[in-house]
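Count the sequence shown with the numbering used here and you get residues 245 to 469, in order.
Read through the structure below, which is laid out as structure tokens, and then see the notes.
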Amino acid sequence: MIDAVATDSSSTPGNDKQRRTRRTRMTGAERRQQLLEIGRTLFAAKGFEGTSVEEIAAKAGVSKPVVYEHFGGKEGLYAVVVDREMRRLLDMVTGSLTAGHPRELCEQAAFALLDYIEEYTDGFRILVRDSPIPQSTGTFASLISDIATQVEDILGREFKSRGFDPKLAPLYAQALVGMVALTGQWWLDVRRPKKAEVAAHLVNLAWHGLDGLEQKPRLIGHRKA
245 MIDAVATDSS STPGNDKQRR TRRTRMTGAE RRQQLLEIGR TLFAAKGFEG TSVEEIAAKA
305 GVSKPVVYEH FGGKEGLYAV VVDREMRRLL DMVTGSLTAG HPRELCEQAA FALLDYIEEY
365 TDGFRILVRD SPIPQSTGTF ASLISDIATQ VEDILGREFK SRGFDPKLAP LYAQALVGMV
425 ALTGQWWLDV RRPKKAEVAA HLVNLAWHGL DGLEQKPRLI GHRKA
């Protein structure tokens, strides 16, 4: 009976107003996080140019000056969103490289990228768009380079043990990571075949291509230079 009274009392107009006030009153950190999440969703769906500060503010239930106060404008919000996604994906890839066998390392890297696409689809859509803000980092190309750098050392050791020139490891690292990343862009929309099958095919091509690698690759066409 006491519980029923308490429930009835909590639903009075005065208490409803107090609860609404509590729900909408955020700390600065909470408001910043809310704006980041809203911006992330809108940038993924509409792109940078298609998203306005007015729309971000309206979705958050705040005025435009609040967005400017936290990020200095749409460009600042976008830059933070991109930086967070870059770090998330890079951490997922580098954190996955734990195996001892090179083939399993290839599998882990492929799965890490596909996991990110599956779990953080909005973030990946933002990363694969061309950045509208002039900057040396924060683009998909720079992200691929960062991930490839993590793979270079692994390939360098493998090349050296097989008698190949380890100086070529950066070239092959870019090629392998680029192959996985571009396939991931395609898989983002089709989602077929299943993730594990995509990873298996990627590693099949990469591993057996490396397995039959020529120490001095030759051209068979008419063009030799």
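Where a beta carbon is used, it is the ideal one built from N, C-alpha and C, also for glycine.
One alpha carbon belongs to residue 295, the other to residue 322, and they sit about 10 Å apart. Membership of residue 279 in the alpha helix (DSSP H) is indicated by the continuous run 272 to 290. Check the Cα spacing between residue 327 and each of 347, 367, 300 and 298: the tightest is with 367. Under the 10 Å beta carbon count, residue 436 is surrounded by fewer than 16 other beta carbons and is classified as exposed.
DSSP, reduced to helix, strand and coil, places residue 396 within a helical segment of the structure shown.
No Cβ-Cβ contact shorter than 9 Å links residue 324 with residue 353. When secondary structure is reduced to three states using DSSP, residue 452 falls in the helix class. Taking the CA atoms as reference points, residue 425 sits about 8 Å from residue 388.
Taking all protein chains shown into account, residue 284 has 16 or more neighbouring C-beta atoms within 10 Å of its C-beta and is therefore buried. A Cβ-Cβ contact shorter than 9 Å links residue 330 with residue 390. Excluding its 5 nearest sequence neighbours in each direction, residue 461 has no C-beta neighbour in its own chain below 6 Å. Looking at 407, 439, 317 and 278, the one whose alpha-carbon comes closest to that of residue 363 is 439. Shown here, residue 361 sits in a helix according to DSSP, grouped into three states.
With fewer than 16 other beta carbons inside 10 angstroms of its own, residue 317 counts as exposed. Under the DSSP assignment, residue 314 falls in the alpha helix (DSSP H) whose first and last residues are 308 to 315.
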